[in-house]
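Our numbering numbers the first residue of the sequence shown as 1 and each following residue consecutively.
Ideal placement from N, C-alpha and C gives every residue a C-beta, glycine not left out.
Note that the structure is a prediction, hence the values are computed from the model and not measured.
Since the structure comes first, as structure tokens, the remarks are kept for the end.
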Amino acid sequence: MLRSKVFVKKTRKGGVMKIVREHYLRDDVWCRASHCRNCAQTDQNLLDSSPHNPSKLYTFPHYLLPDTNVVLHQIDVLEDPVFTNVILLQTVLQEVQHLNASVYNRIRELISSKQRKFFVFSNEHHRETYVERRKEESPNDRNDRAIRVAASWYDEHLKECEGGNNEDLRIRVVLLTNDRANKEKAKNEGIICFTAQEYVESLEGNEGLADRLALSCNTQHDEIDDKTSRKWVYPEHLPMAKIQAGLKSGKYVQGAFHRSRENFTEAYVFVHDGDKQIFIQGLVNLNRAVHEDIVAVEILPKKEWTCPSSLVTAASPAEHDSDDDNEESNSDKMIESKKELGAKKVLSGKVVGVIKRNWRPYCGVLSKSAKSQSTRHLFVAAERRIPRVVIETRQASSLEGQRIVVSIDSWPQHSKYPVGHFVRKLGTIGDKETENEVLLLERDVPHLPFSAAVLKDLPAMPWSITDEDVKSRLDLRLLAVCSIDPPGCTDIDDALHWRLLPNGNYEVGVHIADVTHFIRPGTALDAEAANRGTTVYLTDKRIDMVPALLSSDLCSLRSNVDRLAFSSIWEMTPQAEIVSTKFKKSIICSRTSFTYAEAQMRIDDPTQTDEITLSLRHLNKLAKILKQKRVEQGALTLASPEVRFHIDSETHDPVDLQTKELKETNSLVEEFMLLANISVAKKIFQNFPEFAVLRRHPSPPAANYDVLVKAASSKGVQLEVDSAKSLAVSLNAANIPDEPYFNTLLRIMATRCMMQAVYFCSGMLPEEEFQHYGLATPIYTHFTSPIRRYSDILVHRLLAVVIGALDSYPDLLSKDKTQKLCNHLNFRHKMAQYASRDSIDLHCQLFFQGKAKEEEEAFVLFVRKNALQILIPKYGLEGTVFMNKQDVSGFTYNEQEPSLTDGDVTYRSFDRVAVKINVDKSSTENKFLSFSLVSKKGSSAEDMKEPVSKKTKFD
């Protein structure tokens with residue numbers, strides 16, 4: 001049966017286009033019930049013939065049919081194994097796909113599981129269940145009617161299947177809806193219908209499942225009755241029509257909301273169409289926006305502009321049992337004190353509406369209410385920028401001391417906090433596996449095992465290089481190739497060689513694992529690698545971007561085995577001047593896999609004169625020249641703290657830690673990798689000026705350097721920050737004779753001023769914005785780590801097309817698709833960095849458990865109004881020491897230096913202090929490592945210890 005719709009559409013040029021849309025209807029759309037004899041069931045995965053869900057509401061067996069809102073808002077409940085034999089209508093699935101991609105992907109996972117028996121019924125193409133939209137009927141009302149029609153048809157169809165058996169025993173269809181009007185109409189039409197809450201609370205033996213119900217559809221939570229909640233009334237969010245009109249007229253601006261980590265009463269909104277950022281201060285002006293929401297902001301009159309505070313807040317989760325709303329009053333006092341000091345004001349605004357909520361499930365801990373009979377408690381998220389969340393649970397006693405997952409459902413106008421629901425329990429606070437799971441979930445790191453579809457794309461074993469590979473590639477197996485990597489590295493991306501040419505010049509080669517030989521575009525393996533984006537390195541394990549067969553075996557450039565590579569080969573003069581460059585697909589056989597320390601020993605040992613050692617020495621000399629040239633061009637050399645843990649081989653717990661020591665060989669490898677990346681960037685941009693995948697590092701706004709400049713000037717050191725070159729020169733000259741490690745600390749602080757480097761498609765930006773600020777190069781990309789970065793795979797494919805080693809394909813030469821993928825890779829790269837840092841923090845916390853609290857030497861990095869941000873050199877730990885969490889009136893804060901005076905003691909940046917490291921797992925805070933100040937120390941050079949640091953790479 002065919003239905004046709006005809007309508008006209010106005011074209012851009014003013015013409016009229018007639019459009020005919022055909023809709024096919026069928027009689028043979030099968031119901032999937034295993035006991036049905038009227039449908040031609042050809043699939044083995046059928047709905048059960050005797051479904052059983054023990055309930056207090058009914059005794060008959062049934063299939064569930066949820067409407068769109070239940071699927072959207074109750075996905076956490078639907079994912080519970082108790083839910084089986086569920087009919088998902090095509091109407092519902094299409095609406096969910098349009099409204100929420102994340103929920104759609106989760107429901108598709110349930111559909112693909114044979115055990116769960118979630119079946120999609122194509123009601124929009126069934127002759128008896130398709131409904132036309134009536135005049136004056138909204139799309140939402142039409143869809144509700146379509147759902148009711150399908151539910152009614154299904155129920156009658158099942159009755160026919162069973163020959164009209166006993167009504168109390170035959171299988172029925174139960175419609176789940178939280179829409180009152182829809183439920184009322186369904187009951188009037190004879191459809192068995194419940195709300196999600198009614199159905200879930202009726203299930204016998206699953207009482208805890210009710211905690212996972214989204215509160216937005218739970219009428220008893222429409223009004224929050226806490227004392228503190230009644231005192232809070234936020235401004236009403238503007239309707240979307242007014243927001244859109246205001247954005248168009250310029251009255252409002254749209255941007256991404258980023259709450260401050262240090263002060264929960266402050267945030268910045270980063271405007272989408274430029275580098276402008278708007279400062280928001282005060283909970284009322286924040287107006288229920290949550291970190292990463294897309295919001296509409298109204299710019300305040302200039303007389304109402306304010307500036308960021310110097311106060312670090314650490315609010316207690318117990319405040320929900322108190323009537324004291326001191327956050328806002330403290331914030332107001334802070335603003336007034338800023339005005340008195342005449343601090344520089346910045347562009348300020350207020351949130352008038354939320355355009356898009358970017359909420360996700362959050363990990364954290366439960367702060368149990370002090371009221372013994374209360375079922376309402378506060379959830380404290382691990383991410384400090386997420387507000388506390390009110391949840392309803394009857395399991396509070398068993399959830400204390402546990403890591404849990406919570407989803408936000410809504411944020412009522414009269415509630416101080418958003419309301420949400422409990423999703424699941426992860427494990428005990430402080431347990432290493434639990435904490436690892438938390439950091440992976442919080443950083444959105446894909447860490448499930450590779451699927452069967454992905455593993456199917458791997459090469460069959462045993463694998464070997466074919467004769468065809470040998471004919472089509474440059475055979476470099478006779479060269480003295482070697483690799484240099486950290487200890488224990490199994491995913492070896494790169495190797496190098498050097499040899500003397502007859503004309504006195506040198507040939508230098510960088511050989512990179514040819515991952516693209518094994519990962520073809522359009523495969524499940526390629527899609528999974530693109531989704532993961534990067535390998536994530538945690539302290540005790542590695543989460544690979546590609547399966548171990550590739551990352552640790554076939555692609556890894558291990559010694560004494562033939563491997564496929566993509567080589568960048570230069571002819572250089574002894575002064576490191578490049579004469580020529582060529583790129584070739586190759587075959588190599590690495591002679592030796594060195595650690596940095598082993599390679600350094602070879603270079604330094606005069607008794608070693610073999611071919612590999614001579615190669616290393618010449619490479620080291622060339623690397624020093626290349627680095628000097630980069631520094632002269634303005635490349636920055638900064639620093640950041642870093643430590644290395646020794647892990648117990650059985651328990652995998654940290655038993656010791658030491659500083660990471662950098663050697664010349666670290667710089668040797670870095671210089672040639674940078675050179676390869678720059679050379680490849682030039683080549684692919686020259687051939688694909690619109691489609692090259694590049695990496696840029698924007699120069700920081702001048703305001704970013706304010707804290708650094710003030711801190712340096714407090715020691716009598718003047719920094720020039722108008723360019724990378726002037727900053728590099730200033731840092732090189734910034735030395736104080738009696739404070740020998742002042743320069744290292746200054747470089748650590750300078751790192752905090754930098755912008756994030758990002759991937760981009762060359763056709764989306766003007767060439768003058770390609771620059772890489774930190775490396776002082778006009779063009780750059782990533783080519784040297786395709787085992788662990790998907791960006792490098794894209795670059796390998798582009799370069800392979802350039803040299804004729806690969807045929808092009810549509811997605812490779814699409815600006816929009818490439819930029820979208822670059823945005824995804826930027827997110828994955830950033831999250832991987834955060835996960836690695838979180839893992840180091842976690843292992844520091846585990847390391848200090850049960851250890852005596854001794855004084856440790858620390859340096860002050862930043863001075864705030866009520867706190868010192870410090871670095872503990874011995875462990876590479878950074879943290880905040882609160883001077884007094886309740887009252888700052890006893891301190892004198894000088895913003896110009898900045899400095900903080902407590903009585904007769906003044907604290908400034910770079911001062912040395914004694915602190916204690918405290919461990920408290922009983923706290924409701926998510927991190928159980930804190931710091932307390934013991935005393936201020938002297939700064940004599942002889943009793944100072946060098947802070948732990950590593951050179952910061954900007955690539």
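Quick check on this structure: which residue in the options has the alpha carbon closest to the alpha carbon of residue i?
i	options	result
T781	K682, C363, E577	K682
V96	E433, V200, R108	R108
N743	V721, V717, C753	V717
R520	V295, A480, D811	D811
M673	S483, N85, F379, R259	S483
P361	T313, Y252, W570, R106	R106
F583	I803, N620, E304, N823	I803
L93	E132, N85, I147	I147
L549	K456, E768, P502	K456
E22	H35, H52, P66, E124	E124
V103	Y809, L626, R912, T68	T68
Can you give the Cα-Cα distance for residue i and residue j, rounded to whole angstroms?
i	j	result
A776	L478	36 angstroms
S369	V354	30 angstroms
I588	V454	27 angstroms
H618	L799	28 angstroms
E632	K725	8 angstroms
T228	F264	With a pLDDT of 44 at T228, under the threshold of 50, the predicted position of this residue should be treated as unreliable, though the coordinate-derived value follows. If you take the alpha carbons of T228 and F264, they lie about 18 angstroms apart.
T590	V536	It should be noted that the sequence gives Ser, not Thr, for residue 590. Distance between the alpha carbons of S590 and V536 is about 26 angstroms.
A289	I391	18 angstroms
N188	V389	38 angstroms
D491	Q413	52 angstroms
K276	K936	40 angstroms
L401	I429	The residue you asked about is not Leu; residue 401 is Gly in the sequence shown. When rounded, the distance between both Cα atoms is 6 angstroms.
A599	Q819	39 angstroms
L694	K621	29 angstroms
E136	R145	14 angstroms
K159	T91	23 angstroms
K338	M601	Any answer about K338 is weak, because its pLDDT of 44 lies below 50 and its placement is not dependable; what the coordinates show is given next. Taking the straight line from one Cα to the other gives about 57 angstroms.
On the DSSP letters alone, give me the boundaries of the beta strand (DSSP E) that residue i sits inside.
i	result
S50	Taken as a continuous stretch (DSSP letters only), S50 belongs to no beta strand (DSSP E), as it is neither H nor E.
I512	506–513
E957	Lying before the first or after the last residue shown, residue 957 is absent from the chain, which here runs from 1 to 955.
T490	Looking at the DSSP string, T490 is not in any beta strand (DSSP E), and its letter there is neither H nor E.
R563	562–572
Q94	No beta strand (DSSP E) holds Q94; the alpha helix (DSSP H) holding it covers 90–99.
F379	376–381
I278	277–281
What distance in whole Å lies between the Cβ atoms of residue j and residue i, which are believed to be in contact at a cut-off of 8 angstroms?
i	j	result
V986	V445	Outside the displayed span of the chain (1 to 955) sits residue 986, for which this structure offers no information.
Y417	P459	With a Cβ gap of about 53 angstroms, Y417 and P459 do not count as contacting.
C31	Y199	At roughly 22 angstroms, the Cβ-Cβ gap does not stay under 8 angstroms, so C31 and Y199 are not in contact.
V253	V297	5 angstroms
S836	L538	7 angstroms
N85	L110	The Cβ separation is near 12 angstroms, so there is no contact.
Below 6 angstroms CB to CB, which residues in the same chain sit around residue i once its five sequence neighbours on both sides are set aside?
i	result
D494	I512, T784
L399	L366
G533	Y790, L825, R828
S331	Confidence is the limiting factor: at S331 the pLDDT is only 45, short of 50, which leaves the residue's position unreliable, though a coordinate-based value still follows. Once the five neighbours on either side are set aside, the close Cβ partners of S331 are T265, G282.
E611	A480
F862	Q869
For the alpha helix (DSSP H) containing residue i, list its first residue and its last residue.
i	result
P139	139–161
S202	196–202
N894	First-last for N894: 892–894, but that is the beta strand (DSSP E), not the alpha helix (DSSP H).
Y596	596–604
So with Cβ pairs under 8 angstroms, would you call residue i a contact of chain D?
i	result
I280	No chain D appears in this structure, which consists of one protein chain only.
Apart from the five residues just before and just after residue i, which ones in its own chain have a Cβ nearer than 7 angstroms to its Cβ?
i	result
Q74	A196, L213, A214
T892	T901
K624	none
P778	F770, Q771
Examine the ligand MG and report whether any of its heavy atoms sits within less than 7 angstroms of the Cβ of residue i.
i	result
Q277	This structure lacks the ligand MG; in fact it carries no ligand of any kind.
Identify, in the order they occur along the chain, each residue of the same chain with its Cβ nearer than 8 angstroms to the Cβ of residue i, setting aside the five sequence neighbours on each side.
i	result
G689	Per the sequence shown, residue 689 should be read as Pro rather than Gly. Within the same chain, P689 has close Cβ partners S762, G763.
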